[in-house]
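One point on numbering: in the working numbering, the residue at position 70 of the sequence shown is 60, and numbering is uninterrupted.
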Amino acid sequence: MRYMGSWVVVMGLLVSPVALGAEAEVRTLRFTKKAPVVGAREENQTRMEMAFDFKATAPSIQPIPIVASTTVIETQVFTVLAVKGNAVMRAQVAYGEMDEVKMADGKEVRSPAPVSKKTYLGEFKKGAVVVTNAQGKPVPGNEQTKVRGDLKGLGREDPLVAAFPTEPLKVGDSVQAVADAFEEELQVTAPEGMSYNDTRVELTEIRDDTRGQMGVFSVSTTIVAVESEESPVSLEIHAKGSLHVLVDGTVVTEISMGGPVKLIPQEALRQRGMEVQGTGEMRVHLTSKVLPRAPRK
């Protein structure tokens, strides 16, 4: 009969052990760790977008518009040049074209980043990261700050990778050690006045990727930023998203987070009647992919 195959499948499901209430096998994953290798390369791409349109009001004053729109797109290629155990000791970072795009008075303004289309060397020496240009010469302070932030992991095992447990994980498991390490990494590169709080990480899915088994984790954190003590408002974002990690080698391949932006009047001004109304949104998307190894010189 033409539909016999479908009928057999349905009957099979109806009388299967799962349908009869037997326990299904719980799928788990177990992360493995690998030491870095000289010549290994990865390309990291980041896109950050934030836009908001608010109005601050208070008794006896005209509404004050608070409007901003910023997009930052960054591409970099990281190459391992020297290792010691589980730590990268020396590396090269090559930046692609990097622009910060802002809206000012209804017009788009593009500002190239100081490191755009430049290559740098970083080395961990005597407890600090030393940054030079590709020829080994000193670089300006504003470039130093950016590159040092990106190479802050030199001289130590990647704390996020180290935080992943070696015991099996199943969907629904929370991994507080990973959440703590993720929050610490965010905080290290955060601008002054910005903090990350109440970060949580939980395994939500186990995937079979073409690159191997993949763990997908839900991530949430609360971002609070105050420009200065004199700032009339603070910024707050309850960000949520996902973290994709390859099991083999514990390789983070993608981070995506976002959430609504709130502007909150400082307590003293709130008590005097200040209110801030409007909407805002923040989105961050980071991807990482392995490139062919650089040839040994």
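Glycine included, every Cβ here is placed at the ideal spot set by N, Cα and C.
In the DSSP output, which residue or residues are listed as bridge partners for serine 278?
Asn34
Alpha carbon to alpha carbon, how far is glutamate 220 from arginine 283? Give it in angstroms, no decimals.
50 Å
Using only CA atoms, which one of Ala25, Glu64 and Val57 lies nearest to leucine 276?
Glu64
Lysine 23 versus aspartate 148 - alpha carbon distance
11 Å
Quick one: what's valine 191 bridged to in DSSP?
Val209
The alpha helix (DSSP H) with proline 149 in it runs from where to where?
149 to 153
Closest Cα partner of lysine 97 within the set Val16, Lys142 and Ser59
Ser59
Return the first residue and the last residue of the alpha helix (DSSP H) that lysine 24 is part of.
First-last for lysine 24: undefined, no H or E at that position.
Would proline 55 be called buried (16 or more neighbouring beta carbons within 10 Å of its own) or exposed?
exposed
What are the start and end residues of the alpha helix (DSSP H) that includes valine 165?
No alpha helix (DSSP H) contains valine 165, which DSSP labels as neither H nor E.
Across which residues does DSSP place phenylalanine 68 in a beta bridge pair?
Glu32 and Val83
Since glutamate 98 is in the alpha helix (DSSP H), which residue starts that stretch and which ends it?
First-last for glutamate 98: 97 to 102, but that is the beta strand (DSSP E), not the alpha helix (DSSP H).
Does the Cβ-Cβ distance between leucine 233 and valine 241 come in under 8 Å?
no
Starting from alanine 258 and walking both ways along the alpha helix (DSSP H), at which residues does that stretch end?
257 to 261
What would DSSP say about aspartate 238, mapped onto helix, strand or coil?
coil
Would you say valine 251 touches the ligand COA, meaning its beta carbon is less than 7 Å from a heavy atom?
Summarising the ligand content, the structure contains no ligands, and the ligand COA is consequently not present.
Starting from glutamate 133, follow the alpha helix (DSSP H) in both directions and report where the run begins and ends.
131 to 140
For glutamine 52, does the three-state DSSP call read helix, strand or coil?
coil
Under a Cβ-count criterion, where at least 16 other Cβ atoms within 10 Å of its own Cβ denotes burial, should glutamate 265 be classed as buried or exposed?
exposed
Could you tell me the alpha carbon to alpha carbon distance between glycine 248 and lysine 136, rounded to whole angstroms?
23 Å
Let me check understanding here. Comparing Cα to Cα, which of Thr189, Val280, Pro222 and Gly270 lies closest to alanine 290?
This structure gives no information on residue 290, because the portion of the chain shown stretches from -9 to 287.
Rounded to the nearest angstrom, what separates arginine 17 and glycine 86 at their Cα positions?
40 Å
Proximity to alanine 169 [Cα-Cα], best of Gly143, Thr212 and Pro130:
Thr212
Span of the beta strand (DSSP E), counted from its first residue to its last, around glutamate 219:
Segment: none, glutamate 219 is in no beta strand (DSSP E) and carries neither H nor E.
Our contact map puts alanine 81 next to leucine 141 with C-beta atoms below 8 Å; I'd like the distance itself, whole angstroms only.
6 Å
Could you check if valine 251 is buried or exposed, using at least 16 other CB atoms within 10 Å of its CB as the buried criterion?
buried
Segment contact, 8 Å Cβ cut-off, at least three pairs: the region 162 to 181 with the region 196 to 214
yes
CB-CB under 6 Å to methionine 38, same chain, minus the five flanking residues each way: which ones, in chain order?
Val62 and Val274
So what's valine 178 in DSSP terms, helix, strand or just coil?
helix
Could you tell me which residues DSSP pairs with glycine 231 in its beta bridges?
Val209 and Met247
Beta-bridge pairing of glycine 270 - partner residues as DSSP gives them
Phe42
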